[in-house]
Every structure is written in structure tokens, then in C-alpha cells.
Amino acid sequence: MNRIIFRQVELDMWILLVLLYGILKGVREIIKKKTLQSSTVMEVLIVYTALAFLMVVPDYKNAIGVNTAYLFWIALKSFIIFLAWIFSFKAIDKMPISLYGVLDLSRVLFATLLGIIVLKEVLSIPQIIGLVLVCLGLILLNRTKKLPSYKDEKVETVYVVMAIVSCILNALSGLMDKILMKSVTSSQLQFWYMLFLLMFYLIYIIVTNTKIRWIYTLKNYWIWILSFLFIVADRALFIANGMDGSRITVMTLIKQSGSLVTILAGKFIFKEKNIAYKLLCAGIIILGIVIGVL
0 MNRIIFRQVE LDMWILLVLL YGILKGVREI IKKKTLQSST VMEVLIVYTA
50 LAFLMVVPDY KNAIGVNTAY LFWIALKSFI IFLAWIFSFK AIDKMPISLY
100 GVLDLSRVLF ATLLGIIVLK EVLSIPQIIG LVLVCLGLIL LNRTKKLPSY
150 KDEKVETVYV VMAIVSCILN ALSGLMDKIL MKSVTSSQLQ FWYMLFLLMF
200 YLIYIIVTNT KIRWIYTLKN YWIWILSFLF IVADRALFIA NGMDGSRITV
250 MTLIKQSGSL VTILAGKFIF KEKNIAYKLL CAGIIILGIV IGVL
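Just so you know, numbering that gives the first Met the number 0 puts 91 at position 92 of the sequence shown, and the rest follows in order with no gaps.
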């Protein structure tokens, strides 16, 4: 009896941890938009990554104990996120945050496919219904272009493609999290992942000779908040990935709860248009997420 209760508590815990990640993810997208109002994409990325890494440095003793055989895969995960962040930050900078929030829901499709193909996860009937609703919501979102006010948003196709590519890369990263957490701890993964990520951005800046206004960017307090939320959210996600019973298909569905936060922010913070229609699309997608999780 006690064992059953314990397993139920563990089940509820990983769901709550992933839900926390999803909500904080939505808040982070809003803050990214704020940071980009006064700093360039690469300035935000390098300072954001550096500050986040400094926050996990205290875990270096635990990190040193990781099996070196896994460092290559952690570095590969970092490179995937290195590319994903460049695409997502550029997309967020150039499109309404509400539109990005709905597009970000498309990672459900990619992560689900990866979970089925790589991890051999089997979808239940409710999850299949949920996935169909997610697809329907995304298809309806594409009809936003026919709305009269859409032209005012002036979103270039290249940035929509960047947002979708970012979703694919993030889904791949989520798959790697699930696999890596079977062999490393959350603190080990977070330390090395952040270290490699910082190295990739430094190399990029040096090779491309990108100018960074270090002092000016450090004064952008939004970046400090962004870094802190990133560390908290990722630690919650890594812990959830390490729990028995957690499934990447279900986790991906729950993560998308943050998209509702970004859509509402588009209305109340950034005063964007077509919010009602985007909420309708998001509502259909979120209904699919709820059905898929229950």
C-alpha cells in the first residue's frame, strides 16, 4: 500500500515539475522579448548563458564525477541548443510574441514522433486524440494570414521557419535529456551542458568577430532575471526526466502550458493583434494537451 502511494506521489511530482518548467518557459519568452528591446540577440545570448553558468558553478564537485563517455553527448546536446537559441531569439525579436507562443506548440509533434521512433513509446487513444487536436490547432493558426489585420504584423516567412526549426531542435534536445538522465545526475548534466553552451557562443563571437557591449548588456536587469529562471526551470525538467515513469511524449505536452502565458502577454503587455483567434487556436491545442495527459 505504501509503495503504491509513494509511486503515485512520484508520478504527481514529475508532472508538477514539468508544469513548473512550462510556466517558467512562457515567462522566459516574455522576458526575452523585453531584453531584445535594448540589446542585440548575441549580446543577450552570451551574457545570459554566462550568468546562467555562473549560477551552476557551485555544483562543479558533483559535475567532475560524470563518466567522460557521456561528455560527447552532453556537448552535442549543447550544440543543438546553441543553434536552437539563435533561431528562437531571432524569431522572437522579429515576430509578435503571441504568434511565437502558438508556433512553439508545434514542438509537441516533433517530440512525440521522436518518442515513438527512438524510445518506442506507445500512444494511448487519448494521446492520439490529443495529438490530432494539436495538429488541428496548428492548421487553423496558418489561416491567421487571411485575417485583415495580419498584414499589420509584418512577419517574414524566414522568422516563422526559424521558430519551427527551433522547435525541432528543442524536441531533439528533450529526447537527449531523457536518455542522458538515465546515466548522469541533474546537477552533472546542467553544469556540463551550460559549460559547453558558453564555449560554443564564445567561439561563435570570436570567429564572427561579433561586437558585444559587455558592461551595457550586464546592466540589462532582464537578462539577470532570465538567467535565474532558466536555471530553475531546467533543473526542474532534468529532475523530472530522471524520475521513473516520466514519458517524453506526455512531458512534451505538459511543457506547452507556457505558450498560453506568451499569448496572453502579447495582448496585455505588448498590445498585439489577432489575440482572440490565436487564443482559439491555442485553446484547441491545449485541449489536446489536456486530453493527452489525462
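Cβ atoms here follow ideal geometry from the backbone N, Cα and C, with glycine treated the same way.
Asked                                                                                                                                                        : Found
Taking contact to mean at least 3 C-beta pairs separated by less than 8 Å, is the region 104–118 in contact with the region 68–84?                           : no
Examine the Cβ distances between the region 201–220 and the region 20–29 and report whether three or more of them are shorter than 8 Å.                      : no
So for Ile138, helix, strand or coil by DSSP?                                                                                                                : helix
Going by DSSP, what residue range makes up the alpha helix (DSSP H) through Val121?                                                                          : Segment: none, Val121 is in no alpha helix (DSSP H) and carries neither H nor E.
From Ser256 to Met250, what does the alpha carbon distance come to, in whole angstroms?                                                                      : 11 Å
If you draw a straight line from the alpha carbon of Ile79 to that of Phe71, how long is it in whole angstroms?                                              : 12 Å
Could you round the C-beta distance between Ser186 and Ala62 to whole angstroms and report it? I think they count as a contact, below 8 Å.                   : 7 Å
First and last residue of the alpha helix (DSSP H) that includes Ala83?                                                                                      : 70–93
Under 8 Å: do the region 193–207 and the region 116–133 share three or more Cβ pairs, one atom per stretch?                                                  : no
How about the region 270–281 and the region 222–234: do they share at least three Cβ pairs that are nearer than 8 Å?                                         : no
Would you kindly check if the distance between the Cβ of Gly265 and the Cβ of Gly100 is under 8 Å?                                                           : yes
I need the boundaries of the alpha helix (DSSP H) containing Gly173, first residue and last residue.                                                         : 156–179
Identify whether Phe237 lies in helix, strand or coil by the three-state DSSP scheme.                                                                        : helix
Is the separation between the beta-carbon of Ile230 and that of Ala51 shorter than 8 Å?                                                                      : yes
Does the beta-carbon distance from Thr39 to Asn219 come in below 8 Å?                                                                                        : no
Using a Cβ-Cβ cut-off of 8 Å (strictly less than) and excluding sequence neighbours within five positions of Phe88, which residues of its own chain qualify? : Lys31, Leu35, Val40, Val43, Leu44
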